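**Q** Dropping the structure in here first, questions after.
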Amino acid sequence: MLPADLGRWKRLSAVPLAAAVVAVLVVPGPDRVAASPPAGLECRTAADNAFDLTATGGYAAMPDGNTIYMWSYASGGGEFQLPGPTLCVTSGTKVTVVLHNSLPEPTSITFPGQAQVLADGRPAQPETDAAGTLTSLTTTAAANSGAVTYTFTAGPPGTYLYQSGTDVQKQVQMGLYGALVVRPAGHPDRENDRADSAFDPDHEYLYLLGEIDPDLHLAVERRRAYDFTRYKARYFTINGRSMPDTIAPNHAEWLPAQPYGALIHIRPYDPVGNPKPALIRYLNAGSVAYPFHPHGSDEQLIARDGRPAQGPAGQDLSFSNFLIDVSPGQTVDTLMIWKDAEHWDPQGNPIPVPLPSLQDQIVGPGPETWFAENPYLGGTPGELPPGVVQNNQCGEYYHVAHSHALEQATNYGASFGGMMTLIRIDPPAGCPA
Amino acid sequence: MTDPVRQGSISRRALLAGLTGLGTWAVLPESGSDAQPRRPAALLPRAVPNPTASLHLAATDGWVSMPQGSPPISPFWPDPLAPAGSDLYVFGFRDVTGLSATEVTGQRGKAQITAPLLGFDQETDIKIKLTNLGLSQRPDLVDGHTVHWHGFRNAIPLFDGVPELSISVPIGREFTYFYRPHDAGTYMYHCHFEDVEHVQMGMTGIVYVRPAQNSGTADVPPGRYVYNDGDGSTRYDREFALMLTEVWAEAHYRDAHIQTTDWTDYKPSFFAFNGRCYPDTLAPNGDPLSQAAGRLRYQPISSLITANAGERVLLRLANLGYRNHTLTVDGVDLLVVGKDAALLRGRDGSAEYQVTSTVQIGPGESRDVILTAPEPGTYLLYDRDLTSLANAGGGRGGQLTEIRISPPGTLPAQTRANA
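Residue numbers (UniProt numbering), protein chains in the order written: chain A, 1 to 433; chain B, 1 to 419.
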């Protein structure tokens, strides 16, 4: 529900000196990001939790060769990237986000799940025009080089979206979204304050899910009108990429504006050598639910929307899933492992069925495969038909993870694409370089 | 993770975790699963061999029938190429176990939807041979087929059925999949070759795993349970599996007529339980090898639910459509005990069962729901997404079936699911 007198906030916030003073005091320091991990969640952190984001336009590449005009966030004065940088902060700390707007219309950021967000030192509020019509869900930065400074105290540990609050139907679809990761104080290797949310910090992953209607993006690029009743998503993305780009490394040079990969890269569970699960943070920046299906392993749902799956007395109310149905605007965090259940071994414990000869199987289909033509984990890759590219390196296993609304697991209708990525399982000793 | 702010503390913490982590991580079930009691990982030679099960599935195309009298979707449905008594082109699986090679070949062009309902005991060594019979209507296509046991935990790629990550079966060839299920519950299986097409075309079925607890433990007597619950709370008397799918008639037509489809235009026209739309859902089980079922010959699985008053009825619900569906039964409480072949119970044993009137099932999800049969009479089980209660946009149809309750002692014990 909106306050009765929305215009009043605008009138008040336009004048006072106090707001300007606060804004000066919280000029952020430079934020930074570590040397990029080849796969996995890449945090942008700042010593004083002060981040600079610039809403701007750029281009995203789709696997079928299409190029889509997007709006998203550049970090500080850096390059446009889709999605916006993954901001990592610690629960209970004060966070500052300065939004610079280089778009031709007002924009803003909402921080769902964060309480008492201030904009230029005042409570962030919906905006209306002179007629009282809602123009933004929260305080905006003006078009063409306006700015606004949001401050809040980071809420409970977990995973949150940040996204445009202005002309949301268009701006969020255009790509103005990113992830905010709030870590529990003192326990950066836990998803939340519970001990049973611990994960392997070397195996933390981000699945920021979205979709693209190219007609809308073309209309915005050419500053034409767009009829939302004709909305039809054709591309479905994880971290702004579609399969097979999702399995490319972070900062792949051929995807300059889409820096975040989505390949899960783990080794088999081992009670001594590899006891901790991977953590996957799902976020839905789209407008429909994305039913996400990881093959080869269930995932334990431990939190939604920054709230642990627990009862009033701290009971564990997490549960096991082979399908994680993420609602629009929702975040879901899961723990996952893959266990070598049968320990197949060509000498002592061979698989009980024959692997067909090459002429009795279809390899691919298409010009490449991820199967070693050897069923054993770590086995030597076998022969392939001429012309087929072997993506397998050392007999590692690959499982797929994808939306099971299967039209979303396509690139404009072409299968083995879209909202899909791979889970790579290396042999216990790892994969020799 | 290489966040420099956290890096130092993580390193120290990782050391601590090395000392204390094991106790913590012992609470995570071994497969990230449902905390069911289970046998340790396979150690060969096995002292006692597992029971075995063998099955032979054939994959091909065929023709089925949507409810008669539904409004035509010109020119897509009824399909003018359809043989008499049918109106929709499909791909599907058939159970050809025990048939001769000649008989198996004779099933080419005789696919069924949905696929045969499969049930196995936990810790059974299962071999499923898949033969690709090709597509009689589309001899120009050389599509492979696979079996993907959807949700099977800790699968190895060769038996997971994703062509790009393993292999697929060419026309005229076969491959045998091996499974040793350790986790009870309700799963699905489907072809994963060009999945958006083959799943929509009908290559979808339910497979479920009966828990080891069924043979009795120190805590519970022998019986029928959904899970290894340890307390008998998932006991049931009768079970009915409902596979929810959607049929986009236009895409089926295009496949039959050598045209391509943009799958992002997806717009389903029929909504089915077990490959049938109401009122066909009520017809008895059929047999594709027998003409007795008439126009539903290749849609052999009934969705009619029958029970005696007071009995516990298990609904195994799975959705391989591309839309969410929400099932409801007016006036009857639904107890949800499982999701995705996992008992709804926290890692510390906390109960998570839910009593509800609506069960929402997303694409690729399953639910295990127990209801207690009320007073004798007829009750309706249907999709509360009311647009899914139409056939081709018209009339009363779609995902709707009846629950017919008889006085206590009327029906004999159930001998197989959906009967």
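We put the CB at the ideal spot given by N, CA and C, even for glycine.
Keep in mind that this is a model prediction, so the values were computed, not measured.
1. Strictly under 7 Å for the Cβ-Cβ distance: is Ser320 (chain A) near chain B by that measure?
2. Between which two residues does the alpha helix (DSSP H) containing Leu218 (chain A) stretch?
3. Which one of B:Tyr225, B:Val199 and B:Gln399 has the shortest CA to CA distance from Val313 (chain B)?
4. List the endpoints of the continuous beta strand (DSSP E) containing Gln112 (chain B).
5. Going by beta carbon distance, what residues of the same chain come within less than 7 Å of Pro163 (chain B), once the five residues before and after it are set aside?
6. Taking only the alpha-carbon atoms, compute the straight-line gap between Ser320 (chain A) and Gly311 (chain A) and give it to the nearest angstrom.
7. Thinking C-alpha only, which one of A:Asp270, A:Pro268, A:Arg267 and A:Gly240 is nearest Ala261 (chain A)?
8. For a test of the three-state rule: what should DSSP assign to Arg180 (chain B), helix, strand or coil?
9. Indicate the three-state DSSP secondary structure (helix, strand or coil) for residue 424 (chain B) in the structure shown.
10. Contact criterion: CB-CB distance below 7 Å. Does Asp245 (chain A) meet it with respect to chain B?
11. Flag Gly362 (chain B) as yes if its beta-carbon sits less than 7 Å from any beta-carbon of chain A, otherwise no.
12. What number of angstroms, rounded off, separates the C-alpha of Arg297 (chain B) from the C-alpha of Val64 (chain B)?
13. Should Leu228 (chain A) go down as buried or exposed, given a rule of 16 or more other Cβ atoms within 10 Å for buried?
14. With H, G and I counted as helix, E and B as strand and the rest as coil, what does DSSP make of Thr387 (chain B)?
15. Tell me the rounded alpha-carbon separation between Ala272 (chain B) and His325 (chain B).
16. Do Ala124 (chain A) and Thr139 (chain A) count as a contact pair if the criterion is CB distance below 7 Å?
17. Three or more beta-carbon pairs under 8 Å between the stretch 274-291 of chain B and the stretch 331-342 of chain B, yes or no?
18. Buried or exposed: which applies to Glu79 (chain A), given that a residue is buried once 16 or more other Cβ atoms fall within 10 Å of its Cβ?
19. Could you tell me which of A:Asn144, A:Met174, A:Asp167 and A:Cys88 sits nearest to Ala185 (chain A), measuring between CA atoms?
20. Does the stretch 164-177 of chain B come close enough to the stretch 386-399 of chain B that 3 or more CB-CB pairs lie under 8 Å?
21. Are there 16 or more other CB atoms within 10 angstroms of the CB of Ser415 (chain A), so buried, or fewer, so exposed?
22. Between which two residues does the beta strand (DSSP E) harbouring Asp325 (chain A) extend?
23. Cβ of Glu407 (chain A) less than 7 Å from any chain B Cβ?
24. Against Val196 (chain B), what residues of chain A qualify as contacts under a CB-to-CB distance less than 7 Å, listed in chain order?
25. Measure the alpha-carbon distance for Ala218 (chain B) versus Asp231 (chain B) and round it to whole angstroms.
26. Write down every uninterrupted run of the alpha helix (DSSP H) in the stretch 39-86 of chain B whose length is 4 residues or greater and which is fully enclosed by it, in chain order.
27. Run down chain A in chain order and give the residues with a C-beta less than 9 Å from the C-beta of Lys110 (chain B).
28. Please tell me whether residue 456 (chain A) has its Cβ less than 7 Å away from any Cβ of chain B.
29. In three-state DSSP terms, what is Gly294 (chain B)?
30. If the criterion is Cβ atoms closer than 7 Å, does the pair Leu411 (chain B) and Ile370 (chain B) meet it?
31. Based on DSSP bridge pairs, tell me the residues matched to Trp71 (chain A).
32. Report yes if the CB atom of residue 423 (chain B) is closer than 7 Å to the CB atom of Gly409 (chain B), and no otherwise.
33. From the beta carbon of Val154 (chain B), is the nearest beta carbon of chain A less than 7 Å away?
34. Residues of chain B with CB closer than 9 Å to the CB of Leu208 (chain A), please, in chain order.
35. In chain B, what lies closer than 8 Å to Ala233 (chain A) by C-beta?
36. Output, in sequence order along the chain, the residues in the stretch 341-364 of chain A whose CB is closer than 8 Å to any CB in chain B.
**A** Short version:
1. Chain B has a Cβ within less than 7 Å of the Cβ of Ser320 (chain A).
2. Counting along the chain, the alpha helix (DSSP H) containing Leu218 (chain A) begins and ends at Pro214 to Glu221.
3. Checked all of B:Tyr225, B:Val199 and B:Gln399; the closest Cα to Val313 (chain B) is B:Tyr225.
4. Premise fails: Gln112 (chain B) is in no beta strand (DSSP E) and is neither H nor E.
5. A distance below 7 Å between beta-carbons, with the five flanking residues on each side excluded, links Pro163 (chain B) to the following residues of its chain, in chain order: Gly144, Thr146, His192 and Phe193.
6. Ser320 (chain A) and Gly311 (chain A) have their C-alpha atoms roughly 17 Å apart.
7. For the record, residue 261 (chain A) in the displayed sequence is Gly; it is not Ala. Here the closest residue by C-alpha is A:Gly240.
8. Of the three classes helix, strand and coil, the one that applies to Arg180 (chain B) here is coil, per DSSP.
9. In the structure as shown, chain B starts at 1 and stops at 419, and residue 424 (chain B) therefore has no counterpart that could be examined.
10. No - not a single Cβ of chain B is within 7 Å of the one on Asp245 (chain A).
11. Chain A contact via Cβ: present.
12. If I take the Cα positions, the gap works out to 8 Å.
13. Note that residue 228 (chain A) is Phe in the sequence shown here, rather than Leu. In the assembly as shown, Phe228 (chain A) is an exposed residue. Its beta-carbon has fewer than 16 other beta-carbons within 10 Å.
14. In the structure shown, the three-state DSSP call for Thr387 (chain B) is helix.
15. If you take the alpha carbons of Ala272 (chain B) and His325 (chain B), they lie about 11 Å apart.
16. When the beta-carbon positions are compared, Thr139 (chain A) and Ala124 (chain A) come within less than 7 Å of each other.
17. No, because fewer than three Cβ pairs between the stretch 274-291 of chain B and the stretch 331-342 of chain B fall closer than 8 Å, the two stretches do not touch.
18. Residue burial is scored here from C-beta neighbours: Glu79 (chain A) has fewer than 16 other C-beta atoms within 10 angstroms and is therefore classed as exposed.
19. Shortest Cα-Cα distance from Ala185 (chain A) to any of A:Asn144, A:Met174, A:Asp167 and A:Cys88 involves A:Cys88.
20. Using a Cβ-Cβ distance cut-off of 8 Å, the stretch 386-399 of chain B and the stretch 164-177 of chain B are not in contact, since fewer than three pairs of beta carbons, one from each stretch, lie closer than that value.
21. Burial check for Ser415 (chain A): the Cβ neighbour count within 10 Å reaches 16 or more, so the residue is buried.
22. Membership of Asp325 (chain A) in the beta strand (DSSP E) is indicated by the continuous run Ile324 to Val326.
23. Yes, Glu407 (chain A) lies at the interface with chain B (some Cβ there is under 7 Å from its Cβ).
24. Per Cβ cutoff of 7 Å: Leu406, Glu407, Ala409, Thr410 and Ser415.
25. In a straight line, the C-alpha of Ala218 (chain B) is about 10 Å away from that of Asp231 (chain B).
26. Listed in chain order, there is nothing to give.
27. In chain order: nothing, as chain A lies at least about 23 Å away.
28. In this structure chain A extends from 1 to 433, so residue 456 (chain A) is not present and cannot be described.
29. Assigned with DSSP and collapsed to three states, Gly294 (chain B) falls in helix.
30. Not in contact: Leu411 (chain B) and Ile370 (chain B) (Cβ atoms no closer than 7 Å).
31. Answer is A:Gly57, bridged to Trp71 (chain A).
32. Since the displayed chain B opens at 1 and closes at 419, residue 423 (chain B) lies outside it and no answer follows.
33. As written in the sequence, residue 154 (chain B) is Asn, which differs from the Val given in the question. It does; some Cβ of chain A falls within 7 Å.
34. Residues of chain B passing the Cβ test: none, with the nearest at roughly 17 Å.
35. Under the 8 Å cutoff, chain B gives Thr264.
36. Correct list: Ala341, Glu342, His343, Trp344, Gly348, Asn349, Ile351, Pro352, Val353, Pro354, Leu355, Pro356, Asp360, Gln361, Ile362, Val363 and Gly364.
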